[in-house]
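Here is the structure we will look at.
2 protein chains.
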Amino acid sequence: MSLKLGLVGLGKIARDQHLPAIAATPGLDLAAIASRNAALPDLPSYPDIDSLLAAGAADAVSLCTPPQGRFDQASAALKAGRHVMLEKPPGMTVTEVEALAALAQQKGVTLFTTWHSREAAAVEPARAWLSGRRISSVRVTWKEDVRHWHPGQAWIWEPGGLGVFDPGINALSIVTRILREAVFVTGAELEFPANRAAPIAASVRMRMGAVPVEAEFDWRQTGPQTWDIEVATDTGLLRLSKGGSEMWLDDQPQVVEEDAEYRSLYRRFVGLVAGGQSEVDLAPLRLVADAFLLARRVEVDAFEDEA
Amino acid sequence: MSLKLGLVGLGKIARDQHLPAIAATPGLDLAAIASRNAALPDLPSYPDIDSLLAAGAADAVSLCTPPQGRFDQASAALKAGRHVMLEKPPGMTVTEVEALAALAQQKGVTLFTTWHSREAAAVEPARAWLSGRRISSVRVTWKEDVRHWHPGQAWIWEPGGLGVFDPGINALSIVTRILREAVFVTGAELEFPANRAAPIAASVRMRMGAVPVEAEFDWRQTGPQTWDIEVATDTGLLRLSKGGSEMWLDDQPQVVEEDAEYRSLYRRFVGLVAGGQSEVDLAPLRLVADAFLLARRVEVDAFEDEA
Numbered sequence: 102m103s104l105k106l107g108l109v110g111l112g113k114i115a116r117d118q119h120l121p122a123i124a125a126t127p128g129l130d131l132a133a134i135a136s137r138n139a140a141l142p143d144l145p146s147y148p149d150i151d152s153l154l155a156a157g158a159a160d161a162v163s164l165c166t167p168p169q170g171r172f173d174q175a176s177a178a179l180k181a182g183r184h185v186m187l188e189k190p191p192g193m194t195v196t197e198v199e200a201l202a203a204l205a206q207q208k209g210v211t212l213f214t215t216w217h218s219r220e221a222a223a224v225e226p227a228r229a230w231l232s233g234r235r236i237s238s239v240r241v242t243w244k245e246d247v248r249h250w251h252p253g254q255a256w257i258w259e260p261g262g263l264g265v266f267d268p269g270i271n272a273l274s275i276v277t278r279i280l281r282e283a284v285f286v287t288g289a290e291l292e293f294p295a296n297r298a299a300p301i302a303a304s305v306r307m308r309m310g311a312v313p314v315e316a317e318f319d320w321r322q323t324g325p326q327t328w329d330i331e332v333a334t335d336t337g338l339l340r341l342s343k344g345g346s347e348m349w350l351d352d353q354p355q356v357v358e359e360d361a362e363y364r365s366l367y368r369r370f371v372g373l374v375a376g377g378q379s380e381v382d383l384a385p386l387r388l389v390a391d392a393f394l395l396a397r398r399v400e401v402d403a404f405e406d407e408a
Numbered sequence: 102m103s104l105k106l107g108l109v110g111l112g113k114i115a116r117d118q119h120l121p122a123i124a125a126t127p128g129l130d131l132a133a134i135a136s137r138n139a140a141l142p143d144l145p146s147y148p149d150i151d152s153l154l155a156a157g158a159a160d161a162v163s164l165c166t167p168p169q170g171r172f173d174q175a176s177a178a179l180k181a182g183r184h185v186m187l188e189k190p191p192g193m194t195v196t197e198v199e200a201l202a203a204l205a206q207q208k209g210v211t212l213f214t215t216w217h218s219r220e221a222a223a224v225e226p227a228r229a230w231l232s233g234r235r236i237s238s239v240r241v242t243w244k245e246d247v248r249h250w251h252p253g254q255a256w257i258w259e260p261g262g263l264g265v266f267d268p269g270i271n272a273l274s275i276v277t278r279i280l281r282e283a284v285f286v287t288g289a290e291l292e293f294p295a296n297r298a299a300p301i302a303a304s305v306r307m308r309m310g311a312v313p314v315e316a317e318f319d320w321r322q323t324g325p326q327t328w329d330i331e332v333a334t335d336t337g338l339l340r341l342s343k344g345g346s347e348m349w350l351d352d353q354p355q356v357v358e359e360d361a362e363y364r365s366l367y368r369r370f371v372g373l374v375a376g377g378q379s380e381v382d383l384a385p386l387r388l389v390a391d392a393f394l395l396a397r398r399v400e401v402d403a404f405e406d407e408a
C-alpha cells in the first residue's frame with residue numbers, strides 16, 4: 102500500500118526537486134497540494150495545511166515552505182497523527198525542532214529532518230575513506246552567487262532565513278556526517294549588508310578535538326561557483342567538490358555521479374514510516390546557532406537583488 | 102563519607118557564593134583549589150584543573166571559571182571519572198554542553214548544569230501557583246547596572262560571554278521552570294555597543310503556544326535595579342521580583358525570603374552524585390542561542406568600564 106503524501110509549499114525547491122523525486126519513489130503517491138498561490142493539474146489543492154489535514158487528504162506531509170512558518174505547520178500535522186518530512190533547515194530555531202521531535206515521539210509518528218546534501222553521491226564514500234585515517238585539518242569553501250541561486254527570495258534575508266548559512270548549512274550537514282567526532286564552533290565573523298538582517302558572508306572557526314575545521318561562506322561569488330570540502334589526512338588530501346557529488350583523492354577523481362539527493366530522501370522517508378522510526382539530527386542547525394552566538398559582526402555594503 | 106570537592110576558578114562568584122555555600126553543605130568537603138592566580142590558606146592549590154586531577158585531589162569538581170574555557174576543563178574532569186558541577190551558563194555553545202552530557206553518561210559520572218536563579222525562594226511557589234491557571238501573557242524586565250555588578254570582567258564582553266544575556270539567562274532559567282509548556286523565540290533586537298562583541302541590551306519576543314512572552318534586558322540601568330517576571334493569569338497577576346526571591350499576587354507579598362540559591366545547588370549536587378544521576382537542562386542556553394540567531398542588530402554608543 103502506498104503512502105499518500107501531501108506536499109506543502111510549491112515554490113522553487115518543490116518544483117525543481119521534490120515533485121520529480123516524489124514521482125520517482127516507489128511506495129509514495131502524491132495525493133494533495135497545499136499552497137497559498139499555486140496548484141497542480143489533476144490534484145486536490147488546498148490553500149493551507151490545516152484544510153489539507155482536515156480533508157484527510159494525506160497520511161504524511163512534506164514541508165517545503167520557508168523555515169519561518171514551518172513550526173506551526175509541522176506541529177499541526179504531527180498533532181493530527183501525520184508523518185512529517187522537513188526541508189532543511191528543519192526550523193527557525195533549535196528549540197522548535199527539539200519540541201517537534203518530542204511531539205512526534207509522543208504521537209507515535211515519523212519525523213524526518215532532511216539534509217539533502219548528505220545524500221550527495223560522494224558523501225558516504227568520503228565517510229568510509231576517512232573512517233580509518235588521521236585527520237589534520239578540514240577546510241570548507243562554499244561560495245556562490247546569491248542573485249543566481251536565490252532570485253527574489255526575500256525570506257532568506259529575514260531573521261530565521263539564515264542568509265549565507267542557507268547554503269552553508271548544507272556544507273555543515275556534510276561535515277557533521279563524514280567526520281567521526283563532534284565539531285564545535287570556537288568563533289565566527291559574520292558580514293551583514295547594511296540593509297539586511299542576515300549575513301551575506303561568514304567565516305566560521307571550529308574544531309574537532311584539536312583538529313582545526315574552518316569554513317568560508319560567501320554569497321558574492323560571480324563566475325565559477327565553489328562548494329568544496331577539503332580534508333587533510335596522514336595518507337593524503339580528500340576533496341569533496343560540487344556540493345558533495347564529486348570525490349577526489351590527491352587530485353585524482355574517485356566518484357563523479359549525477360545528482361539523486363531528493364530521490365534518496367524520499368526513499369528514506371518511506372522506509373522510516375514503514376519501520377515506525379524517526380530521524381532527527383540537529384547538529385548542523387546547532388552549529389549555525391552557535392556561530393551566531395559567538396560571532397563578531399561586520400557591516401558591509403548594502404545588498405540589492407538587482408546588481 | 103564526604104564528597105571531596107575541587108573548586109576550579111577563584112573569582113568573584115566563587116568567593117561571593119560558592120565558598121560559603123560549600124562550607125554550609127553536609128556531605129561535602131572542599132579538598133582543593135585550582136586557580137591561575139589565587140589560593141586559599143591551608144588548602145592544596147593547583148595552577149590548573151589538569152594538575153588538580155592528576156594529583157587525585159578530588160572526586161568531584163565545581164567549575165566557576167568563565168564559560169569560554171569551561172568545555173576543555175569539564176571534558177578533562179569527566180574523562181578522568183570525576184563528577185562535574187557547572188556554573189551558568191554551562192558552556193560557550195549548545196553543542197559543547199550536548200557533548201558533555203553524552204560524555205558524562207558514557208563515563209557513568211554526574212554532570213549538573215546549574216541555574217542558580219531557579220533556586221531562588223519564590224520560584225517553586227510560583228510554579229505551583231501557576232500550574233492550575235490559564236496564562237495570558239508573560240513579561241520579563243531585567244535591568245541592572247553592568248558597572249556595578251561586573252566591574253572589570255572583560256570576558257562578559259567577549260564572544261561566548263553573552264553580554265546582557267549573562268544576567269538575562271537567569272530570567273530565562275526561571276521562565277522555563279515556572280511555565281508548563283515550552284517557550285520559543287520568535288524574534289529579537291540586540292543592541293551592541295560600537296566597541297564590543299556582546300550586546301548591552303536586548304528585547305526578546307517569545308511565545309508559549311499563543312501566549313506572548315516578552316523580555317527586556319538592559320545593562321545601562323542606574324538607580325533602582327529591576328529583576329521582575331510578571332505573569333498575567335485568569336485569576337490575577339503573579340510577580341516575581343528581586344530575581345525570584347519575592348513573590349507577589351496582585352501586589353500582595355506572598356514569599357519574601359533570604360537568598361539560599363547556592364546552598365540549594367550544592368545540596369542537590371551531593372544528592373545527584375549519591376543517586377548516580379545527572380541533571381542537564383539546556384533550555385535557557387538554547388533560547389539565548391535562538392535569540393542571537395533570529396536577532397536584528399542595532400549599534401549603540403561605545404561602552405567603557407569607567408563611566
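Protein sequence lines correspond, in order, to chains A and B. 164 is the number that our numbering gives to position 63 of the first sequence; each next residue is one higher, with no gaps. 163 is the number that our numbering gives to position 62 of the second sequence; each next residue is one higher, with no gaps. Even glycine gets a Cβ: it sits at the ideal position worked out from N, Cα and C. Note that the coordinates shown come from a computational prediction; the quantities given were computed from them, not determined experimentally.
Of the residues the options, the one placed nearest residue i, counting alpha carbons only
i, options, result
"F172/A", "S346/B, D329/B, M309/B", "M309/B"
"A87/A", "N138/A, Y147/A, T166/A, I150/A", "Outside the displayed range of chain A (102 to 408) lies residue 87/A, so it cannot be described from this structure."
"T290/B", "A303/B, L111/B, Q254/B", "It is worth fixing the name first, because residue 290/B is Glu in this sequence and not Thr. Among A303/B, L111/B, Q254/B, the Cα nearest to that of E290/B is on A303/B."
"Q322/B", "W243/B, L280/B, H217/B", "W243/B"
"L141/A", "A298/A, V284/A, G112/A", "G112/A"
"L231/A", "D335/A, S103/A, A403/A, S365/A", "D335/A"
"P268/B", "A155/B, H217/B, G110/B", "H217/B"
"L204/B", "F404/B, G128/B, G182/B", "G182/B"
"E292/A", "P354/B, R398/B, T327/B, A311/B", "R398/B"
"R228/B", "E282/B, G372/B, E380/B, L366/B", "E282/B"
"F285/B", "P313/B, I275/B, V332/B, E362/B", "P313/B"
6 Å Cβ shell around residue i - same chain, five flanking residues per side excluded
i, result
"G288/B", "R306, L395"
"V389/B", "F266, I270"
"L273/A", "P385, L388"
"H249/A", "none"
"V198/A", "P191, G192, L383"
"H184/B", "A161, V210, T211, V374"
"R364/A", "A122, A125"
"A392/B", "V286, A289, V305"
Beta-carbon spacing of residue i, residue j below 8 Å
i, j, result
"D382/B", "T214/B", "yes"
"P145/A", "A124/A", "no"
"K105/A", "D130/A", "yes"
"A200/B", "G345/B", "no"
"D329/B", "S342/B", "yes"
"T277/A", "P385/A", "yes"
"A177/A", "D151/A", "yes"
"E315/A", "R240/A", "yes"
"W320/B", "E245/B", "yes"
"A403/B", "P325/B", "no"
"G262/B", "W256/B", "yes"
"Q206/A", "S379/A", "yes"
"R127/B", "R137/B", "Here residue 127/B is Pro; the residue named in the question, Arg, does not match the sequence. Contact flag unset, no."
For residue i, the three-state DSSP class (helix, strand or coil)
i, result
"E358/A", "coil"
"A403/B", "coil"
"S103/A", "coil"
"A472/B", "Since the first residue of chain B shown is 102 and the last is 408, residue 472/B is not available in this structure."
"R340/B", "strand"
"R171/B", "helix"
"A140/A", "coil"
"A115/B", "helix"
"A122/A", "helix"
"R235/B", "coil"
"A161/A", "strand"
"A135/B", "strand"
"A229/B", "helix"
Residues near residue i by beta carbon distance below 7 Å, same chain, minus five either side
i, result
"V356/A", "A222, A223, P226, E347, M348"
"Q174/A", "V109, I150, L164, T166"
"D360/A", "S346"
Cβ shell of residue i (< 8 Å), same chain only, five flanking positions each side left out
i, result
"L108/A", "A115, H119, L120, I123, L131, A133, I134, A135, V162, S163, C165"
"E259/B", "Q169, A298, A299"
Proximity test, residue i beta-carbon vs the ligand GDP heavy atom, cut-off 7 Å
i, result
"T287/A", "Absence of the ligand GDP from the depicted structure is noted, as is the absence of any ligand whatsoever, leaving it without description."
Q.
Which runs of the alpha helix (DSSP H) at least 4 residues long sit entirely within the segment 173-218 of chain B? Give them in chain order.
A. 195-208
**Q.** Contiguous alpha helix (DSSP H) assignments of at least 4 residues, all confined to the segment 243-327 of chain A
**A.** 247-250, 266-279
Q. Residue ranges of each alpha helix (DSSP H) run of no fewer than 4 residues wholly in the segment 342-399 of chain A, ordered along the chain?
A. 362-376, 384-395
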